[in-house]
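Worksheet: the structure to be examined is printed underneath.
2 protein chains.
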Amino acid sequence: MRSLGKRIELLRAVAHPVRVRILQELCKGVKCVADFEDFLEISQPNVSQHLSVLRKEGVIDFYVDGRLKCYFLVDPIIPDLLDILQREYAEQLPAPSCCPVTKKGTYPGRRHR
Amino acid sequence: MRSLGKRIELLRAVAHPVRVRILQELCKGVKCVADFEDFLEISQPNVSQHLSVLRKEGVIDFYVDGRLKCYFLVDPIIPDLLDILQREYAEQLPAPSCCPVTKKGTYPGRRHR
DNA sequence: TAAGAGTATTCATATGTTTGCATGTTTGTC
DNA sequence: GACAAACATGCAAACATATGAATACTCTTA
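Chains as they are written, first to last, in the working numbering: chain A, 492 to 604; chain B, 492 to 604.
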């Protein structure tokens, strides 16, 4: 499997609004470049550049049919990642227990600030 | 809940090796700044800067005890995210079904390239 | 109140990212 | 073979991020 370092690089590649949109669409099925141009309001070269970023990271790959390139998902982490991005979460985690301990000492659970 | 855009910003904040390490430690419990210095091989100001990035994104918060600041996790998405980063995955997703369709046309399932 | 521990901020610099624009490549059609 | 469609690449400008170094802040203790 990928190392943690590689996974973090993948995270950086995904963490862009346009690329998340691209991946959301690819979760539904195969798409060619012109298909992306329809719903992303950016230029064709820009679409290509974002696809290139995802390709280099091994997130997506493509078939060739004539002059079309048909992109599809390759990395199985992507559906899980997109799922998390859209999942409902509680506002906050429960506060830490009343007397947390670190190397430097023991602390009251109260919020001072 | 957070908007998708905010979630993507959060993703960018998390997608750094040092900050992932910080969050992994915070999953185990409360830590003060000097605790991080011990296992991250970077300077104290640099630790503070990374903590600052996570704070501004609402990922973490802190208690104050005297001159110590005791950091803890706030955003419930973090444990799930870290879990995914370390989960085992198959090498690749199954190839797309034999005749995918896009707006521009229908394609053979064969790989040309 | 002076000193020191623990942490944050500011600044300068180096490096990386994003985008638009122009151009290049490949494939299919006439 | 000329031309057009579909897509990629190269380059430069604008902008963002990462890091080290210096400094400032805040709280505690003597």
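Beta carbons are placed, not taken as given, at the ideal position from N, Cα and C, and that holds for glycine.
Keep in mind it's a predicted model, so treat the numbers as computed, not measured.
- Beta-carbon to beta-carbon, A/Ile575 and B/Ile575 are separated by about 7 Å, close enough to satisfy the 8 Å threshold.
- For A/Val555, there is no enclosing alpha helix (DSSP H); the enclosing beta strand (DSSP E) has its first and last residue at Ile551 to Asp556.
- The C-alpha of A/Pro570 is placed about 13 Å away from the C-alpha of B/Asp571.
- At least one CB of chain B lies nearer than 8 Å to the CB of A/Val521.
- At a beta-carbon threshold of 7 Å, the residues of chain A lying near B/Gln577 are Leu495, ordered along the chain.
- In this structure, A/Val511 sits away from A/Tyr562, with a CB-CB distance that is not shorter than 8 Å.
- By the criterion of a C-beta distance shorter than 6 Å, A/Glu582 is surrounded by no residue of its chain, once the five residues flanking it on both sides are discounted.
- The C-alpha of A/Val565 lies about 10 Å from the C-alpha of A/Cys518.
- Look at A/Pro587: its C-beta is under 8 Å from a C-beta on chain B.
- Beta-bridge partners of B/Leu564 (DSSP): B/Ile551.
- For the alpha helix (DSSP H) assignment, the uninterrupted runs of no fewer than 4 residues enclosed by the segment 502-527 of chain A are, from N- to C-terminal side, 508-519.
- If you check the CB distance, A/Leu559 and A/Cys523 come in under 8 Å.
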